[in-house]
Structure formats: C-alpha cells, structure tokens
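First up is the structure itself, then whatever we jot down about it.
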C-alpha cells in the first residue's frame, strides 16, 4: 500500500509542484499585494487595507469590465455554439475524411491571436476593399470605433478561433449517439423537429454542457484580441478584466491595485461560472436529460 | 518504502532546483576574481540598435580590457516597460539600458530604481564632451536630478502631402490655424473623400498617443509652456483650448477621420500627419514614390493666428540610457566610463545617426562639421536637427500614464468625434488631471 502511495506521489509531484509554483504561490502573493500600494519595484510600500478594493469598484474601467464580460458572453457564446454545432453537423454527415476536416477547422485554434487580430484590423480598415465595396451601397460602418460593432468584431474573431475546437467535442458527442435510436424514431414516425428536440439534444447534452461551460470561461479571459484591436475602447466598450489588470499593472505600475482588480475578477468569474453551471444543470434535469 | 524515499528525493531535488533557479539574479553584471567588471546593457528591441551597441561594446572592450560589456536585446513581453518592471521586481535588472522615455524614467525614479547620473563620477565630463549643456537642461527632473542620459532628441514634425495641397490650390504648407482650415475647405471641395487629418489614434485614449497629436499642438501654441510641473497642473489654458479648437474646427469641416485605415498618408487619404525620421527608411523600401519636397514636405506644428511662425516649439520624442539602482559601485563607474567612451567621439553619434536616422541629443548637431555631409545627403532630416533647440520633452510625472489618458478621454477623443466643445473638454480634462495629481 505504502509503495503504491509513493508511486502515486512520484507521478503526481510534477503537477503538484507546477500547481504550487504557478497557482498557489501567485494567488497568495496576489492577495497580499492587493492590500498594499506596492508597484513591485519600490523599496517602500504601505498597507492600504481594503482601499484598493473600494477604489476598484468605483473605477469606471472596472465597472465596464464587469458588464463588458457579460456582453461578450451574450455575443460570443451563441456565436460559437451555433458555428461549432453547424461545423459538427456537417462533419458528422460526411461519409469520409471526417478527421481531416476536423483538423482543418481546428487550425484557427492554434493561430496567433496577434496575427489574426492584425489581419482583421486590415480587413476592416476604412480603405480596405471590403469597406470600399460596402460604401458603394451606402453602407458606412466604423467597425472598431463603434461600441456595439467593436464588441461583435472581437467576439467574432474569438468565435472563429474556438469553433473548430468545440466542433471537435460536439462531433464526438454526435458520433456517440447510436443510429439505432434514430432508426427506431423513424419507424415511430417522428418529425425532424421532434428528432432534434427529443433525441439529438438530450443525447448531445453532455457535450453541449462541456462546450457551454468552456465558452463561458473564455468570455472571462479575453485579452489579446482586445489589446490588439481596440485597446479596451471605444470609451471602455471592450474593456475586459484582463485588459484592465494589464493597464493598471504594467502601464500605470500599480501592481497592488491591479492585484485587487484581479481578485475581484476571480471572484466574479468563479461566482458567475458556478451560477451558470447550476442553471445549465437545472435546465438538463428539468428536461430529464441528466 | 524505497519507492517513497525515491519520490521524496525527486520532490526535494525538484523544489531545490526551482528555488535555486529563483534565487539566481539573472544579472550578468559583477566583478570577477580576475578584477574584471562586467556590465549588462539592454539595447532597444530592434536589430539596428543592437548591432550599433554591440559594435560600441567591442570597441570599448579593446581599449578597456578590465571591463566587459554584455549587450543583449530588451524583451518586449508584452512591452519593454513591463519587461524592465519584471526584471527589477525579480532582481534581475541589467546594469544599464537604453530606450527609456522620460515619463517611464519618472516612474522608475520615484520607486528609487534608478541611479541619479549626476551623482556618478564622469557625468559632467560626459555632458561637456558630447556638447549637450543646453539640451540636458530640459531633461532635469523635478527633484533636480538627472536620471536619463538622452541618446536622441527627436523633435516631431508634421508632414504635409504637398502634391495634393497643390492640386487643391494650396501652394504652401499651412503654418497657422486659419491656413489649415482654409486648406481643409479647399481639399474637401476638390476631393470630398480625402481628409486633412486621418488618424485613428485621435479617438484612442492610450496615454503615449497624446505626444504625437495634442502635445505637438499644445507645445507650439503655448510657446513651450509646461503642462505639469512636479505635482502641479500649470498648463496654459488658452493654448490648450486653442489646440483643441483646431481639432474641433477640422471635425466641423469633415476634415478629420478617426476610422482605422492603412497607409493613410502614403495613399493620400490623409494629407497631414506627425512624422518621425524613422519613417524615411521605411518609405525608401515600401513607398519610393514618397519624395521630400515633391510629394511631401515637413513643417513645424501650426500655431494660432497671429503667433510667431518661426521658432515654433514642438514635442520631442526622446529616449535615453539609465543605470539601475541594483548596479554596484564598480558597475556604475564602468557604465559611466562606457557612456563617456561612446559619447566623447562625435563619430559614434554620426554612426548612430547613419544607422538609425534618429538625431543625437547634441547642441551642435546642425553646426558640427562631423554631421554636415550626412545632412547634405539626407536633406529631409535637416529640419529635425534645426528644431532640436525648440523641442520640449515629455512630462516627468510618475503618473504620466493616468494624466495623459485623461487628456485623451476627456478632451481629444470626444472633441474629434464632435461630442463635446473644446472649452468643456478642456475643463473636464483639467478637473480629472487635478484630482489625479491630488491622489
């Protein structure tokens, strides 16, 4: 028994060490910093109690980050679920080369956020072929300087990036549904709508649940695309938690204050995901899917 | 039991290795047993400047065998400022680095992370030998110390597309606000799809962007009046409102575009832009059709009507070298010797100018014979050298990021979108800045 324990600890030790160094220590350190006015480099710093937290909740950047995250979620989650479902459905229906197509759709997930953002920036510029074409029809959109369109553009880039990854999970979900069930349903004369709501959705629910939770988690960690495309603007319209933390920690050199914002962001993220997860579970249970 | 021991040993070894790695300073500097002092120099993250500093280090080491200069590129993850901050926090800062602007230096100086250069032996000799007695005056910080050795002082100029101006019926580059507005009217009449000032950054509150729009106009309109002195807001209200009014008036003429666009000036979508000398090498390669005094001209910022159009002040984009407080006495001395070696010979500044096209921060740049041939060969850089005496460096307040963000958020950004009038924008910006300074 002792030998088995030792082997277990041996194999677990790299992860445990990783978790201690990269999660536990930074978390405790960040909590400590959040009560100080330290900028990490000054030899002198003072404890501020809860002042950083009070200042943070009053700050327009933090207030914006709170609401912007949910706005991103409202735009990004339906976008990515719809697109990944579509991709998964198409791939599921393919007679051959499913793996090849899945890899193809997965590739954007590996693409650099910086590069894709810069490409989109070029595509949406005032003098791009796309906008010149739109102007011929009298359509003039200031894509990245209008709050709603800026938010939608960022959400769309991230949705594009994650579609292949989530389609992979959903395809696995589709593949796990036995054809016999559909055949039996066809004999019973179910309509396509009934087939989707009564068979596909319930049996796909575990995969869909995973994708929903993952995509909601992504909404709380958006940074690269916002940093490259909008810098959090216009007027905080795309200011995410990560953007606000970055600005305070590395531009304004206020590590203590940024840590307080990070702690608030963690609590909001944890609480939101917990609530949303419970709601999704309730939805599944109410319909008898779990 | 044996397995448990192995596991414990493995765990202990891993933790010990990590802890030891964490204890490493990462600083290649120090004095070795053979009496050699090694200093670590972080160069700007671009190949041109790295080559320059490596060459300087090699030459210096030949003449000073007791000092080793290790040149390495400054990391940019995600910005060079963040890398420096992390290095200082992680006790792995180099002895010295270049690429430091005055605002960031003020942040570091406030945190006692920099050595006051005026307290290191050899500083006065350096100023004298490099002929920068006048230039260095504007670099003094509010605590009367000098924390940065300016490498280049680059007075920002505005470029005009003179070919398009001519087509619109404007024969000379506008020098006053009325002339700018007149040019705007003529341009819109001839080319409704073109703009005088097409610049998406005008609608972006990011702090450093204000150096290349608001401060150029403000420095010109105020005759170089300070904006912040120490912890006091001392800006010239009239000059500030005038600068914002020009933006507002251009917006009313539909002559400002703040949408994202590519190659704005080169394509002629916008005919007025801030230009630094670094643009010209890029144009040589990508836009050879951009010819000085044919397609584009360079001018000092426009001034309010009735103001002197000669000797106009402008913002100076300057960066320099700092020595970090973590450096030992020997390293500080060696760092100063290295700077003295580089800057006591004008040929090294000429080499810098040829390599980077950035004007060395010297009083005698336009009069010293060493640079004459260079400016004859590169006439588009001469206006920059001429403007050095009237160039105003950035504010030296440690909160420059927050303060300059307020200029964008409350004044420049809403004004160029036509959302507030200049007086209201200035008033709200002033209020926000004063509150920030009180914190």
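Protein chains in written order, with this note's numbering: chain U, 5 to 294; chain B, 7 to 445.
Beta carbons are placed, not taken as given, at the ideal position from N, Cα and C, and that holds for glycine.
- Quick one: does residue 254 of chain U have its CB under 8 Å from some CB of chain C? Going by chain labels, chain C is absent from the structure shown, which instead holds the protein chains U and B.
- Task: Kindly indicate if chain U contains any beta-carbon less than 8 Å away from that of residue 111 of chain B.
- Result: no
- Query: Is it the case that the Cβ atoms of residue 147 of chain U and residue 157 of chain U are separated by a distance below 8 Å?
  - Reply: yes
- Given residue 217 of chain U as reference, the closest of U:228, U:273, U:261 once Cα atoms are compared: U:273
- Item | Counterpart residues of residue 103 of chain B in DSSP-defined beta bridges | B:48, B:328
- Using DSSP with H/G/I as helix, E/B as strand and the rest coil, what is residue 321 of chain B? strand
- Query: Can you list, in chain order, the residues of its chain whose CB lies under 6 Å from that of residue 231 of chain U, leaving out five sequence neighbours each side?
  - Reply: none
- Item | Euclidean distance between Cα positions of residue 50 of chain U and residue 42 of chain U | 7 Å
- Message: On the criterion of 16 or more Cβ atoms from any shown chain inside 10 Å, does residue 325 of chain B qualify as buried, or is it exposed?
- Response: buried
- Beta-carbon contacts of residue 228 of chain U that lie in its chain and below 7 Å, excluding the five residues immediately before and after: 117, 118, 121
- Item | Close Cβ partners of residue 276 of chain U (< 7 Å) along its chain, the five nearest in sequence each way excluded | none
- Query: Any beta-carbon of chain U closer than 8 Å to the one on residue 268 of chain B?
  - Reply: yes
- Tell me whether the beta-carbon of residue 319 of chain B lies closer than 8 Å to the beta-carbon of residue 398 of chain B. yes
- Query: Applying a beta-carbon distance threshold of less than 7 Å, which residues of chain U neighbour residue 210 of chain B?
  - Reply: 235, 237
- Message: Taking the straight line between their C-alpha atoms, what separation do you get for residue 103 of chain B and residue 291 of chain B?
- Response: 30 Å
- Can you check the segment 63 to 113 of chain B for any alpha helix (DSSP H) of at least 4 residues that lies completely inside it and give the ranges in chain order? 86 to 95
- Since residue 307 of chain B and residue 226 of chain B are thought to touch, with beta carbons under 8 Å apart, how far apart are those beta carbons, to the nearest angstrom? 4 Å
- Task: State the DSSP-derived secondary structure class of residue 238 of chain B, mapped to helix, strand or coil.
- Result: strand
- Item | Per-residue contacts from residue 52 of chain U into chain B (C-beta, under 7 Å) | Under the 7 Å cutoff, chain B gives no residues; its nearest Cβ is about 12 Å from residue 52 of chain U.
- Task: Take residue 30 of chain B and list the residues in its own chain whose beta-carbon comes closer than 7 Å to its own, dropping the five residues that flank it on each side.
- Result: Confidence at residue 30 of chain B is low in this model, with a pLDDT of 42, below 50, so the placement of that residue should be treated as unreliable; the coordinate-derived value is given next. None.
- Task: Please confirm if residue 52 of chain B has its CB atom under 8 Å from at least one CB of chain U.
- Result: no
- Message: Please report the distance separating the alpha-carbon of residue 136 of chain U from that of residue 151 of chain U.
- Response: 21 Å
- Task: Check each residue of the segment 396 to 407 of chain B: if its Cβ is closer than 7 Å to any Cβ of chain U, include it; give the result in chain order.
- Result: 407
- Please go through the same chain and pick out, in chain order, the residues whose beta-carbon is closer than 6 Å to the beta-carbon of residue 171 of chain U, but skip the five residues on each side of it. 88, 91, 92, 109
- Query: For residue 126 of chain U and chain B, any beta-carbon pair shorter than 8 Å?
  - Reply: yes
- Message: Looking only at its chain, what residues have a beta carbon closer than 7 Å to the beta carbon of residue 317 of chain B, apart from the 5 residues adjacent to it on each side?
- Response: 396
- Where residue 32 of chain B and residue 98 of chain B are concerned, what is the direct C-alpha to C-alpha distance, given to the nearest angstrom? Low local confidence applies: a pLDDT of 45 at residue 32 of chain B is under 50, so the model's placement there is unreliable, and no value is given.
- Does residue 91 of chain B come within less than 8 Å of chain U when only Cβ atoms are used? yes
- Message: Once DSSP output is grouped into helix, strand and coil, what is the label at residue 33 of chain B?
- Response: Its pLDDT being 49, under 50, residue 33 of chain B is placed unreliably in this model, and the value from its coordinates should be taken loosely. The answer is coil: DSSP assigns residue 33 of chain B none of H, G, I, E or B.
- Contacting positions in the segment 124 to 158 of chain U - beta carbon closer than 8 Å to chain B: 125, 126, 128, 129, 130, 131, 132, 146, 147, 148, 149
- Query: Closest to residue 423 of chain B by CA distance: which of B:375, B:264, B:168 is it?
  - Reply: B:264
- Whole-angstrom distance between residue 20 of chain U and residue 10 of chain U, CA atom to CA atom: 14 Å
- Does the beta-carbon distance from residue 365 of chain B to residue 158 of chain B come in below 8 Å? yes
- Spatial neighbours of residue 113 of chain B in its chain, beta-carbon cut-off 7 Å, leaving aside the 5 residues before and after: 404
- What separation, rounded to the nearest whole angstrom, lies between the Cα atoms of residue 195 of chain U and residue 225 of chain U? 41 Å
- Task: With DSSP as the reference, please indicate the residues paired to residue 397 of chain B in a beta bridge.
- Result: B:320
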